[in-house]
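In our numbering, the protein residues as written are 149 to 353.
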């Protein structure tokens with residue numbers, strides 16, 4: 149639909165395959181779409197398409213894949229990203245992602261990628277940052293605001309310390325798992341109680 153010759157998921161896959169090895173890319177989707185994803189991305193190993201039996205939104209999806217990857221590699225660093233971002237400056241984007249991955253590999257932090265806003269858009273979430281840089285180009289998050297009204301969006305733009313939320317995150321798997329344990333214990337307990345089944349024939353059941 150964008151005249152690129154690729155679907156959004158194909159473009160997303162191509163973008164991240166320049167950052168991490170293809171065998172380290174996992175796609176979490178509904179069982180209804182697993183075969184379509186395989187048709188779209190035949191170069192992705194079939195076992196890297198993780199089919200959820202029920203749609204449970206973002207937090208369980210991230211918990212599922214974080215636990216699964218953690219069982220493969222307890223020291224893994226992870227990017228969580230939607231399949232439908234449209235990014236034109238891929239060279240700059242790659243630099244941002246490498247910087248974020250390097251930061252979380254050395255610091256027990258959860259990072260999110262902010263986009264410099266160009267106008268007061270009411271369809272995006274906003275991230276407010278504060279304080280001195282924790283590392284070059286990396287700041288502490290002060291607040292999140294989901295899809296503000298126009299007047300509030302204008303105030304955010306004028307303040308100069310708000311960014312659009314891209315929905316792209318980086319962290320160590322063990323750091324996000326610890327965050328689930330602290331902030332969403334019911335999700336943590338469900339996955340932690342069955343973690344020995346991940347990457348085995350028992351996983352689907």
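Beta carbons: idealized from backbone N, C-alpha and C, even for Gly.
Since this is a predicted model, take the numbers as computed values, not measurements.
query, result
"Which residue wins for smallest C-alpha separation from residue 299, given the options 269, 320 and 199?", "269"
"Can you look up residue 243 in the DSSP assignment and give me helix, strand or coil?", "helix"
"Measure from the alpha carbon of residue 242 to the alpha carbon of each residue in 184, 166 and 349, then state which is nearest.", "166"
"Are the beta-carbon atoms of residue 320 and residue 252 separated by less than 8 angstroms?", "yes"
"Under DSSP, the alpha helix (DSSP H) around residue 298 begins and ends at which residues?", "298-307"
"Which residues share a DSSP beta bridge with residue 310?", "276"
"Beta carbon of residue 224, beta carbon of residue 235: below 8 angstroms?", "no"
"Leaving out the 5 sequence neighbours to the left and right, which residues in its chain are closer than 7 angstroms to residue 176 when beta-carbon positions are compared?", "198, 200, 209, 212 and 213"
"When you compare each of 273, 193 and 182 to residue 173 by their alpha carbons, which one comes out closest?", "193"
"Go ahead and pull the three-state DSSP assignment for residue 217.", "helix"
"Which first and last residues belong to the alpha helix (DSSP H) in which residue 185 is found?", "182-188"
"In the structure shown, what three-state DSSP assignment does residue 107 receive?", "Since the displayed the chain opens at 149 and closes at 353, residue 107 lies outside it and no answer follows."
"Where DSSP assigns a beta bridge to residue 228, which residues make up the other side?", "317"
"Using DSSP bridges, identify the partner residues of residue 235.", "Partner(s): none; residue 235 has no beta bridge."
"Which of the three DSSP states, helix, strand or coil, is assigned to residue 260?", "strand"
"Take every Cβ of the segment 305-321, pair it with every Cβ of the segment 248-266, and state whether three or more of those distances are shorter than 8 angstroms.", "yes"
"Can at least three beta-carbon pairs, one atom from the segment 219-233 and one from the segment 321-328, be found at a separation below 8 angstroms?", "yes"
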